[in-house]
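Enquirer: There's a structure below that I have some questions on.
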Amino acid sequence: MNKVFLIGRLARDPELRYTGNNTPVATFSLAVNRPFTSQSGEREADFIPVVVWRKQAENVKNYLTQGSQAAIEGRIQVRSYDDNNGQKRYVTEVIADNVEFLGSRSSSNNVNNTPSQDNGPTPYDFGGAKEPKGTDVDSNPFADFGSSIEISDDELPF
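Per our numbering, the very first residue in the sequence shown carries number 187; after that it's consecutive.
Here it is, written out as structure tokens:
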């Protein structure tokens with residue numbers, strides 16, 4: 187089984203490109219802390235190359251920047267190519283199947299990279315229905331539906 191789960195911060199802004207078939211592909215490097223410290227007492231990190239495809243690649247480019255925290259679920263891929271000198275080169279990277287944006291929007295978009303208070307994961311809105319202004323979230327959405335419907339539990343299909 188080839189499965190990878192990583193949590194870290196983007197070491198650089200994502201780069202978005204398009205293939206010949208106009209398929210979006212984003213690449214970035216994820217800094218992941220090692221679970222131990224060095225002899226000098228400092229925490230070391232690994233910088234792991236990540237590749238994201240299609241709509242998720244566009245979302246990564248639009249919503250993540252250097253320093254943003256992200257959780258990656260994917261797989262390891264090793265590919266090879268011949269460089270300009272004819273030498274065979276190998277590249278190991280994570281192909282992301284799922285990217286979760288962690289942290290708050292303010293910490294992701296912080297211009298001077300100063301730390302902000304992080305209260306855990308914040309969901310991001312990628313479109314879809316928006317709640318009309320002036321509505322109460324806790325109100326009953328069926329309040330103005332009219333008369334109640336009388337139905338017994340035996341008539342329900344579940």
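Here a beta-carbon is modelled for each residue, glycine too, at the ideal position from N, C-alpha and C.
Any idea what DSSP makes of Q225, helix, strand or coil?
Expert: Locating residue 225 in the sequence shown gives position 39, where the first residue counts as 1. Looking at Q225 - three-state DSSP - the assignment turns out to be coil, as it is neither helix nor strand.
Enquirer: As a quick exercise: from G227, G260, N219 and A243, pick the residue whose alpha carbon is nearest that of F233.
Expert: What you label residue 233 is simply residue 47 of the sequence shown in a count that begins at 1. Comparing Cα-Cα distances from F233 to each of G227, G260, N219 and A243, the minimum goes to N219.
Enquirer: Hey, R265 and V277 are a contact pair by Cβ (cut 8 Å); roughly how many whole angstroms apart?
Expert: What you label residue 265 is simply residue 79 of the sequence shown in a count that begins at 1. What you label residue 277 is simply residue 91 of the sequence shown in a count that begins at 1. Confirmed, about 5 Å.
Enquirer: Please state if the CB of L216 and the CB of P210 are separated by a distance shorter than 8 Å.
Expert: For the purposes of this step, residue 210 is identified with residue 24 of the sequence shown, where counting begins at 1. For the purposes of this step, residue 216 is identified with residue 30 of the sequence shown, where counting begins at 1. No, the pair does not count as a contact, with Cβ atoms beyond the cut-off.
Enquirer: Please report the distance separating the alpha-carbon of P235 from that of V246.
Expert: Within the sequence shown, residue 235 is the residue found at index 49, counting from 1. Within the sequence shown, residue 246 is the residue found at index 60, counting from 1. Straight-line Cα distance between these residues: approximately 14 Å.
Enquirer: Do you know how far the Cα of R275 is from the Cα of S302?
Expert: Stepping through the sequence shown from its first residue, residue 302 is reached at position 116. Stepping through the sequence shown from its first residue, residue 275 is reached at position 89. Unreliable placement is indicated for S302, whose pLDDT of 40 sits below 50; the coordinate value is still reported in the next sentence. Rounded to whole angstroms, S302 to R275 spans 41 Å at the Cα level.
Enquirer: Sorted by chain position, which residues of the same chain lie with C-beta nearer than 8 Å to M187's C-beta, five sequence neighbours on each side aside?
Expert: Indexing the sequence shown from 1 puts residue 187 at position 1. There are no such residues.
Enquirer: For D322 and G206, what's the separation of their Cα atoms in angstroms?
Expert: To locate residue 322, count along the sequence shown from 1; it is residue 136. To locate residue 206, count along the sequence shown from 1; it is residue 20. Legend: pLDDT at D322 = 47, less than 50; position of this residue unreliable, no value from coordinates given.
Enquirer: Considering only C-alpha positions, which residue in the set K189, L288, F214 and I193 is nearest to E244?
Expert: Start at 1 with the first residue of the sequence shown, and residue 244 comes out as number 58. Nearest C-alpha to E244: F214.
Enquirer: Looking at V237 and I258, is the spacing between their C-beta atoms short of 8 Å?
Expert: Taking the first residue of the sequence shown as position 1, residue 258 is located at position 72. Taking the first residue of the sequence shown as position 1, residue 237 is located at position 51. For I258 and V237, no; Cβs fall outside 8 Å.
Enquirer: Let me check understanding here. Comparing Cα to Cα, which of P221, A256 and F222 lies closest to Q242?
Expert: Taking the sequence shown and counting its residues from 1, one reaches residue 242 at position 56. Of the candidates P221, A256 and F222, the one whose C-alpha sits nearest the C-alpha of Q242 is A256.
Enquirer: Along the chain, where does the beta strand (DSSP E) containing K180 start, and where does it finish?
Expert: Residue 180 lies beyond the range of the chain shown here (187 to 344); nothing can be said about it.
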